[in-house]
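Input: a single structure, listed below in structure tokens.
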Amino acid sequence: MKGWTSGVRDRPAAARPRFLTAERKLLAAWFVFGMLPFALQTRSYVRFVKPHEVSPSLVVPSELPKQTANLTTLCPVTAFVLAGIWCNFEATHYYRADQGIVCHAVMPQFNLHGNYFMGSSKVTPYPTTPSSCADDSLAFEQYLYHGSIGYYSYYEGEVGTYCTKDNTAYITVEVMGTYDINGAHLAADTGSTNTRISYWYIIVGVVWLVYRALTIRRSCVLCRRYGQRCDELGETLDHHQTMLFVQESLRLTAHGATNYKRAAVLYLMVEGVMSDLFLIIASDGWATRIQYASLGYNLSGFMLLVFEILENTKLLKEKWRLRIKRTFFSYETALVGELAIALVF
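Going letter by letter, the sequence shown gives residues 297 to 641 in our numbering.
Now the structure itself:
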């Protein structure tokens, strides 16, 4: 019949090309769920990998004795507000240094330590300070180190103002970084004017980003080849088929991987989650909101790996294994989970 290819009854010879071909659908999904989270994760890594220096006004000689007399009077800060988040803050001791009283404080519920220093004269309050503190604000500066699960800590150098009415500091982050310190050494740290950097974080971060980059590249090749083959055969892919293929091609571990390999990838993923989380906590604005996409991706991948490790131990009965997997780890649930995290935060 004229206008039809011999031997093919259901497809015209000169079919009008579709804009949304199978290849384009797959590559679009690959970009959104592969490249975008990877770019955001790289942004997070770059922010923390840079060397940093502690402000000289917050550094005290290690040989200075710790003092606690009149602690609440000399170190009155009980909380600080950062990026719209209220955090309790408790002084443990102070030092009488050349620049004045330098207080050491902690967040009791976290492995977070740091020094702060207050000025003695009133200044213009920080923009997020309540109007009631307009005439009762002092210059405020502090640094914080938050311990990670590895042997390093995240650093934040912050400035702002302290309100004498509510004993709260209203601050913003000026410098971020990481440093190879944790545990007892972190609790005893008094700061340093030398440049600080974390080689642990550099190595772990590079390994994690390279691993993800190789996974994303493999996924891109698979999506292009499969999409081109579908287009050549005149096959179409619906939303479910597209997402399922992309999800499988972006797997961080193979189906037959051992739990040891999954545990190694799990550790790298936890470090990625913590980097995203601290960047979100320390920052504000539209760029921070976008970072939730990376956090959601990492958290969903983390939960999937934990389930696969449990699944591989054969402790779950088949009935419950299938129910849990279909309910929490289908591609639809993973997508909804990532979007929910972005919206809630």
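Ideal Cβ placement from N, Cα and C applies to all residues, glycine included.
These figures come from a predicted structure and were not determined experimentally.
Cutoff 8 Å; reference residue i; Cβ partners in own chain excluding five residues on either side
i, result
"N555", "I605, N608 and T609"
"G415", "L434, A435 and F436"
"T338", "L505"
"A509", "F334"
"L323", "C516, C519, R520 and G523"
"N463", "P372, V373, T374 and A375"
Sequence-distant residues of the same chain with beta carbon closer than 7 Å to residue i, five excluded per side
i, result
"A430", "P421"
"G501", "Y341 and V345"
"T424", "V377 and Y466"
"L325", "Note on residue identity: the sequence assigns Ala, not Leu, to residue 325. Result list for A325: T538, M539 and V542, in chain order."
"K557", "T549"
"Y497", "F344, V345, Y448 and T474"
"C383", "A375, F376 and M403"
"G597", "L548 and M565"
"F406", "H442"
"R312", "With a pLDDT of 48 at R312, under the threshold of 50, the predicted position of this residue should be treated as unreliable, and no value is reported."
"A318", "G523, C526, D527, E531, T532 and L533"
"R617", "E607"
Residue(s) in a DSSP beta bridge with residue i
i, result
"Q363", "Y390"
"M414", "F436"
"E452", "L440 and M472"
"L409", "What sits at residue 409 in the sequence shown is His, not Leu. DSSP output for H409 lists V402 and Y441 as bridge partner(s)."
"A509", "DSSP lists no partner for A509."
"C459", "S433 and T464"
"F376", "C383 and A465"
Of the residues the options, the one placed nearest residue i, counting alpha carbons only
i, options, result
"R316", "Y563, L612 and Q524", "Note that residue 316 is Leu in the sequence shown, not Arg. Closest option to L316, Cα to Cα, is Q524."
"A387", "S444, E470 and L440", "L440"
"E349", "Y447, E567, Q337 and T486", "T486"
"Y495", "I477, I445, F327 and D462", "I477"
"A401", "Y458, A393, P333 and G410", "G410"
"K642", "A484, D432 and L482", "The question about residue 642 has no answer, for the chain in this structure spans 297 to 641."
"Y593", "I577, F603, L611 and D572", "D572"
"I586", "F327, L518 and P333", "P333"
"C459", "H481, V419 and L618", "V419"
"L354", "T489, Q363 and Y507", "T489"
"H481", "L408, W616, V561 and S428", "L408"
"V602", "S417, S590 and I620", "I620"
"P352", "R520, D394 and G479", "D394"
"V356", "W616, L367, V503 and G396", "G396"
"I577", "T468, I493, L595 and L518", "T468"
"G479", "Y507, S444 and R492", "S444"
"T491", "P347, A560, T369 and E319", "P347"
"L591", "L336, N463 and L600", "L336"
"T457", "S417, Q363, G568 and H535", "S417"
"S358", "R392, Y588 and F385", "R392"
"Y563", "Y507, K362, S428 and F327", "Y507"
"G446", "A483, I499 and S427", "I499"
Local conformation of residue i per DSSP, three classes
i, result
"G396", "strand"
"E531", "coil"
"Y563", "helix"
"A589", "helix"
"I381", "strand"
"A318", "helix"
"A309", "In this prediction, A309 has a pLDDT of 41, which is less than 50 and means its spatial position is unreliable; what the coordinates show is noted afterwards. Three-state result, A309: coil."
"V350", "coil"
"L606", "helix"
"A553", "coil"
"G299", "In this prediction, G299 scores a pLDDT of 44, lower than 50, which makes its location untrustworthy; no coordinate-derived value is stated."
"R521", "helix"
"V542", "helix"
"L332", "helix"
"V355", "coil"
"S579", "coil"
"C526", "helix"
"L611", "coil"
"C371", "coil"
Contacting residues, own chain, Cβ-Cβ under 6 Å from residue i (five flanking each side not counted)
i, result
"V455", "E437 and E470"
"C399", "C371, A387, Y390 and Y412"
"G330", "I512, S515 and L546"
"G453", "Y439, E470 and V471"
"F574", "Y450"
"A365", "none"
Interface flag, residue i vs chain C, CB-CB below 8 Å
i, result
"Y497", "Given the protein chain composition of this structure (a single chain), no chain C is represented."
Quiz item: At what residue ranges does the region 465 to 506 contain a whole run of the alpha helix (DSSP H), taking only runs of 4 or more?
Solution: 479 to 483
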